[in-house]
Every structure is written in C-alpha cells, then in structure tokens.
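Have a look at the structure below before the remarks.
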Amino acid sequence: MITVLRNGMVTISAIKADIGGYPGHHSVHPELIKTAEKKLLKAKKDKTLIDFRVLACGDDLQLIMTHKKGVDSKKIHKLAWDTFIAGTAVAKKMKLYGAGQDLLADAFSSNIRGMGPGIAEMEIKERKSEPIVIFMADKTESGAWNFPLYKVFADPFNTAGLVVSPKVSKGYNFEIFDLHKKKKVIMDAPKEIYSILALIGASERYVVKRIFSKEGEIGAVTSTESLHEISGGKYIGKDDPVMIVRAQGAFPALGEVIEPFAFPFLVKGWMRGSHHGPFMPTSFAQSTPSRFDGPPRVIAAGFQLANGKLIGPVDLFDDPSYDRARQKSNIVADYLRMHGPFEPARLGLDEMEYTTLPDVLNKLKKRFKSI
Ligand code: F6R
Ligand code: MG
Ligand code: MG
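Position 337 of the sequence shown, counted from 1, bears residue number 337 in the working numbering, the numbering being contiguous throughout.
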C-alpha cells in the first residue's frame with residue numbers, strides 16, 4: 001500500500017528507553033521487542049503511524065516511527081509511552097534488571113519529554129529520494145554526538161562534499177544547547193567553526209541539538225534528555241542517546257555521515273556512567289556492552305524513506321571496514337582499564353556528581369579535620 005503524503009511532509013520519531021535489561025544492563029530481551037512490535041503494528045493499522053521498526057542497542061529499546069503528526073505530537077508520544085509501559089509489564093514478569101528504569105513519571109500528561117525516554121524527531125519534506133541514518137548508542141551521554149556531527153557537517157577532512165560539492169560546500173547552521181543554563185545558540189559553519197568547537201568540545205555541557213542547511217532544511221537532530229536531571233539528581237544510568245541524520249544531495253553522503261565512527265573517539269559513560277571509554281561501532285547483534293559494561297556502543301541503521309515507509313534498516317556498521325575501529329577500541333579499552341579507578345580513566349569529580357560516588361564521599365565527610 002502506498003501512502004500519499006499531504007504537502008509531502010513526514011515526521012520521523014526515534015524514541016528510546018531502558019525498560020529492563022538482560023542480564024543486568026546488557027541487552028534487550030526479545031519478548032520486549034515483540035511486545036513493542038505488537039503495539040506499534042496496531043497503531044500502524046489504525047493509521048496513527050505510517051510505518052515503524054523496533055530495534056535494540058544494548059539495554060535500550062528503540063522505537064523508530066514515521067507519521068504525519070509533526071514533532072511533539074501528543075498522540076505519538078503517548079503511543080511510545082504506552083508501548084514502554086506494556087514492555088515494562090513484560091520485563092517485570094521476567095524480573096529483568098531495572099524493569100521500567102527510565103520511566104520516571106507516574107502517568108503520561110502531554111509530552112514524553114521530561115519523562116525519562118530519549119527523543120529525536122524531525123519533520124521533513126520528503127525529497128525525491130530520502131536516505132536517513134538513525135544512530136543509537138548505549139552506555140554514554142548525548143554529548144557523544146558532538147564529535148561526529150562536527151566531522152560530518154563542518155570538517156572537510158571527513159566530508160569531501162564540503163570541498164567538492166557546490167551544494168554541500170555552502171556549509172550548515174549548528175543549533176547548540178547549553179544544558180546547564182538551558183539556553184541555545186545557532187552558529188554558522190564554516191564561518192564560526194572555532195567558536196563552535198570552543199563550545200561543543202565541552203560535550204557534557206554543550207550539545208548539538210539540530211543541524212540545518214543554509215536554506216533552513218533540517219539535516220540532523222539528537223536526543224538531549226538527561227535522566228539525572230529528570231530524576232532530580234538521582235543516578236539512573238547514562239542517557240544512551242539517539243540521532244537522526246539525513247544523507248546525500250544537499251547533505252553529506254551516506255559514507256561521509258558514518259565516516260567519523262571509523263575512529264573510536266573517547267566518550268563518557270561505560271561502567272556506572274563513570275568512565276571514559278572508546279565509542280565502539282558495532283553491528284546490531286554486537287551492540288551488547290559486555291566488558292566492564294561496555295565499551296560504549298554505537299549502531300547505525302540506514303533507511304530509505306518512501307512516502308513515509310521505512311525501507312530498511314541496513315546494519316551499516318556490520319561491515320569489515322569498521323573492523324579496525326573495533327580492534328582499536330579494544331586496544332584503547334585495555335589501556336584505559338589499566339588505570340582502574342584513577343582519573344582520567346575515571347571521570348573528573350564534577351562529572352562524578354551525576355553518579356553514585358557522592359554517596360560514598362558524603363559518608364567520609366565527618367572524618368575530615370582541618371589541616
Ligand atoms: C551504565 C550502566 C551500568 C550500571 C552498572 C551498575 O550506564 O548502566 O554500568 O551503572 O551495571 O548498575 P546497578 O547500580 O544497577 O547495579
Ligand atoms: Mg540499563
Ligand atoms: Mg542503556
């Protein structure tokens with residue numbers, strides 16, 4: 001069946017949550033995927049959704065949905081919430097680890113933002129051909145997308161199109177969030193790349209939320225929800241973000257979009273959300289953080305959109321050209337692990353604020369005497 005898109009507009013919503021791991025924080029049980037698929041199939045049948053896929057990255061359940069309701073649609077967000085609630089019931093029956101862990105609100109009100117799950121959504125006018133990549137991560141935070149987004153949309157050593165293609169060489173606008181001050185700024189690449197880097201190099205505070213072409217077309221969007229903040233300071237785990245990127249034409253080519261991940265750059269997260277670790281690109285099947293609850297994983301699902309229908313996914317890192325990145329990740333992991341609990345393998349004290357370490361340090365407070 002071919003859906004006709006009114007005005008050619010379609011919304012892609014990637015909404016994810018950890019609603020129980022197995023074993024521990026390792027992966028998503030197939031029963032949870034089945035439960036989610038059943039829910040979303042019903043929504044596809046009643047035309048709430050055009051299409052959907054349910055995927056998993058580590059212990060995070062990933063709902064990828066297309067529809068005509070725009071971003072922040074109450075109906076779509078409620079569907080995602082209800083799907084996570086249904087999955088949580090199944091997770092509880094199996095006593096999966098941390099069942100319902102990311103669902104931090106008692107009841108759905110009007111928007112799933114601020115309730116625990118991570119969300120990346122974009123409404124686009126579907127092009128004649130619309131390749132997209134959905135990146136999903138486990139055991140890291142949303143700032144992890146800063147490095148690859150800069151490489152893809154601003155670095156000519158990554159993206160040949162910035163040099164070679166007249167459409168791509170116009171550059172892009174970066175919308176950057178200051179997560180601490182709750183402010184945002186839009187900056188022009190290449191005009192302001194040094195200032196962009198001054199901000200987004202500090203990936204715990206400044207995160208790239210969206211990227212636009214100079215014509216104002218959205219090219220990328222990330223999830224930036226913080227579990228720590230939503231929970232009022234309690235350690236829940238890392239946010240394990242998602243990101244949607246459009247490829248080809250006026251945007252970087254597919255190969256340029258996934259090129260940064262050939263280098264396993266360091267991200268924050270890994271064991272107890274407290275360590276630096278290499279960001280390891282893997283196949284869907286290997287997105288299972290095992291060694292020291294990691295190293296942090298990233299998967300890439302490639303799709304073509306056809307009137308909102310999802311053609312795919314293609315498991316983009318399931319490819320020998322990423323073998324070396326995985327090997328290098330293991331070498332870096334060995335090296336970092338040799339540091340045990342010492343910084344900078346362990347995160348700095350400021351960042352450890354978001355972990356369970358303050359509880360330990362508080363207990364020692366009274367024993368300190370003045371020097
Ligand atoms: C990191 C993560 C895990 C847990 C660790 C301890 O994001 O999810 O590394 O922090 O397994 O988990 P708890 O405290 O649940 O035993
Ligand atoms: Mg978990
Ligand atoms: Mg996770």
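We put the beta carbon where it would ideally sit given N, CA and C, even for glycine. As the structure is a computational prediction, the values presented were derived from the model and not from experiment.
Exercise for the section: Could you tell me which residues DSSP pairs with Ile299 in its beta bridges? Expected result: Met136
Practice task
Within 10 angstroms of the Cβ of Ala137, are there 16 or more other Cβ atoms? Answer buried if so, exposed if not.
Solution key: buried
Problem - Coarse secondary structure for Val90, derived from DSSP in three states - result: helix
Practice task
Return the first residue and the last residue of the alpha helix (DSSP H) that Gly312 is part of.
Solution key: Run containing Gly312: none in the alpha helix (DSSP H); it sits in the beta strand (DSSP E), Lys309 to Asp315.
Problem - Closer than 7 Å: Met280 CB and nearest ligand 1 heavy atom - result: no
Handout entry: Boundaries of the alpha helix (DSSP H) in which Phe153 is found, first to last residue
Key = Asn146 to Ala154
Exercise for the section: Leaving aside the five residues before and after Val245 along the sequence, list all residues of the same chain whose C-beta is less than 6 Å from its C-beta, in chain order. Expected result: Val133, Ala220 and Val257
Handout entry: Straight-line gap, Pro121 to Ala105 (C-alpha atoms, nearest Å)
Key = Note on identity: in this sequence residue 121 is Glu, with Pro being the wrong assignment. Cα to Cα, Glu121 sits roughly 21 Å from Ala105.
Problem - Bridge partner(s) assigned by DSSP for Phe174 - result: Met187 and Ile211
Problem - Counted within 10 angstroms of its Cβ, other Cβ atoms place Met243 as buried (16 or more) or exposed - result: buried
Problem - Presumed contact (8 Å Cβ cut-off) between Phe303 and Pro281, rounded CB distance - result: 18 Å between Cβ atoms; not a contact.
Problem - Glu121 - DSSP class collapsed to helix/strand/coil - result: strand
Practice task
With Asp51 as the anchor, note down where its beta strand (DSSP E) starts and where it stops.
Solution key: Asp51 to Cys57
Practice task
Consider the C-beta atom of Gln327 and the heavy atoms of ligand 2; say whether any pair is separated by less than 7 Å.
Solution key: no
Handout entry: For Asp60, the residue or residues it bridges with in DSSP
Key = Cys57
Practice task
Put Gln304 into one of helix, strand or coil per three-state DSSP.
Solution key: strand
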